[in-house]
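S.K.: Structure below; questions to follow.
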Amino acid sequence: MVRENDGRKLGRKTLEELRIRTVRRILEEGVRPDEVAETLGLARSTVYGWLTAYRTGGWDALKERKAPGAVPKLSVEQQRALFKLVAGRDPRQLEFDFALWTRERVRELIRREFGVKMHVTAVGRLLRRLGLTPQRPLWRAWQQDPALVERWKREEFPALKVAARKAGASIWFADEAGIRSDFHAGTTWAPAGQTPVVKTTGRRASVNMISAVTGKGALRFMVVEGGVNAGVFLTFVRRLVADTDRPVFLVMDNHSIHRSKQLRHFAEQSEGRLRLFYLPPYSPELNPDEWVWKNVKHDRIATAGLDDHNDLKGKALSALHRLQKLPDVVQGFFHAPDLAYINS
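Mapping the sequence shown onto the UniProt record's numbering, position 97 (from 1) lands on 97, and the numbers just tick up by one.
Written out as structure tokens, the structure reads:
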């Protein structure tokens with residue numbers, strides 16, 4: 001039990017100011033330590049301790065120090081095991097019914113695996129100490145067949161490149177996407193604690209886009225109103241073939257419009273001007289054209305204020321024309337980690 005006031009009930013910053021002020025009175029005003037202690041209601045030993053600290057370490061010795069961290073509730077071995085569980089396993093592999101780790105869920109994991117109860121804040125500190133940070137994951141369709149992906153990367157695409165060189169053809173990756181006026185993303189600066197409001201039209205508008213890119217930075221596109229069906233896609237492919245001097249090796253996903261009879265018939269009648277190739281099912285990350293839509297939808301359209309359908313279409317065209325004039329940016333899409341196979 002503390003019988004005299006030693007300052008421990010004061011806040012840490014308040015206590016720092018009191019220590020410095022007390023020692024200044026003793027040194028600069030000549031007040032005796034006993035008198036200061038009595039005036040402030042402090043224990044004599046506390047005041048003499050501050051004075052000794054100053055004489056030993058100067059003013060820095062009186063400043064507030066960071067409180068020592070709490071004793072870890074998990075041993076070093078348990079922390080290592082936790083890291084392996086969180087960093088190396090999908091929660092569903094551990095019989096949880098969720099796919100992403102949160103502090104609350106890691107807290108439950110710790111309780112289940114080690115029988116230790118921790119506050120969620122302490123869990124967050126522990127995760128950061130282990131070198132783990134919250135990140136936006138890349139999602140993969142569970143239907144994706146890793147064996148087919150590996151075969152595409154190691155066998156099918158290398159063979160495609162050899163055939164393209166022999167035919168003097170250009171390899172184009174194509175895809176389509178839709179954008180809506182009510183799609184918003186991004187952040188803006190605003191006073192802390194005050195969520196900014198960006199006013200937009202309440203009317204919804206949408207357009208669809210088709211594009212194709214090459215590893216040399218070429219981009220071709222078409223913006224259409226209404227849906228993209230087999231006929232619309234065929235129109236785009238016809239324009240693409242007519243616009244290039246070299247044969248076109250066209251790589252696409254397995255959407256039905258990419259496998260239509262019209263498109264296959266056009267390829268068969270093209271006298272080698274068009275050949276069709278297909279990515280493994282459920283593998284959009286293997287298509288560099290996906291980055292075109294990220295650039296247009298997320299980096300351009302999503303942060304723009306849109307008035308109506310014409311404004312949406314105009315901004316989409318503007319974003320695509322801008323990107324078309326930046327072949328270095330388009331080439332950069334091909335350097336994404338999942339696309340390393342293209343340049344290997």
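Where a beta carbon is used, it is the ideal one built from N, C-alpha and C, also for glycine. Nothing here was measured: the structure is a model prediction, and the numbers come from that model.
1. Among the residues of its own chain, which have a CB less than 8 angstroms from the CB of Ser260, if the five just before and after it don't count?
2. Just to confirm my understanding: we take Val228, look at its own chain, exclude 5 residues before and 5 after, and list those with CB closer than 7 angstroms. What are they?
3. Mark Leu169 as exposed unless 16 or more other C-beta atoms lie within 10 angstroms of its C-beta, in which case mark it buried.
4. Under a Cβ-count criterion, where at least 16 other Cβ atoms within 10 Å of its own Cβ denotes burial, should Ala159 be classed as buried or exposed?
5. Using only CA atoms, which one of Gly217, Phe266, Gly215, Arg246 lies nearest to Phe236?
6. Identify, in the order they occur along the chain, each residue of the same chain with its Cβ nearer than 8 angstroms to the Cβ of Arg238, setting aside the five sequence neighbours on each side.
7. Tell me the DSSP bridge mates of Trp172?
8. Name, in chain order, the residues that DSSP records as bridge partners for Arg55.
9. Under DSSP, the beta strand (DSSP E) around Asn208 begins and ends at which residues?
10. Do you know offhand how far Arg165's Cα is from His321's?
11. Quick check: is any heavy atom of the ligand FMN less than 7 angstroms from the C-beta of Ala218?
12. Indicate whether the contact test is met: 3 or more Cβ pairs, each with one atom in the region 33 to 45 and one in the region 79 to 87, closer than 8 angstroms.
13. Opposite Gly178 in the DSSP bridges: which residues?
14. Can you give the beta carbon distance from Ile179 to Lys73, rounded, assuming they're within the 8 angstroms contact cut?
15. Would you tell me roughly how many angstroms separate the C-alpha atoms of Thr187 and Ala336, rounded to the nearest one?
16. From Trp172, Glu28, Val76, Ser206, pick the residue whose C-alpha is nearest to that of Leu126; which is it?
17. When you compare each of Pro247, Arg220, Arg111 to Ala163 by their alpha carbons, which one comes out closest?
18. Distance check for Leu85 and Arg264, CA to CA, integer angstroms please.
19. Helix, strand or coil: which one does DSSP assign to Phe157?
20. Taking all protein chains shown into account, decide if Val120 is buried (16 or more other Cβ within 10 angstroms of its Cβ) or exposed.
21. Counting pairs of Cβ atoms below 8 angstroms between the region 328 to 343 and the region 283 to 292, do you hit three or more?
22. Of the residues Arg128, Gly215, Leu15, which one's Cα is nearest the Cα of Leu62?
23. Roughly how many angstroms lie between the CA atoms of Ala37 and Gly131, to the nearest whole one?
24. Please list the segments of the alpha helix (DSSP H) lying wholly inside the region 60 to 114, counting only runs of 4 or more residues, in order along the chain.
M.R.: Short version:
1. Ala230, Phe233, Leu234
2. Glu176, Asn208, Ile210, Ile257
3. With the sequence shown as reference, residue 169 is identified as Ala, and Leu is not the correct amino acid for it. Ala169 should be labelled buried.
4. exposed
5. Phe266
6. Phe266
7. Leu250
8. In DSSP, Arg55 forms no bridge with anything.
9. 206 to 213
10. 29 angstroms
11. The ligand content of the structure shown is nil, which means the ligand FMN is not present either.
12. no
13. Asn208
14. That pair is no contact at about 49 angstroms.
15. Annotation note: pLDDT 43 at Thr187 (below 50); position unreliable, coordinate value reported separately. When rounded, the distance between both Cα atoms is 24 angstroms.
16. Val76
17. Pro247
18. 48 angstroms
19. helix
20. exposed
21. yes
22. Leu15
23. 47 angstroms
24. 76 to 88, 103 to 114
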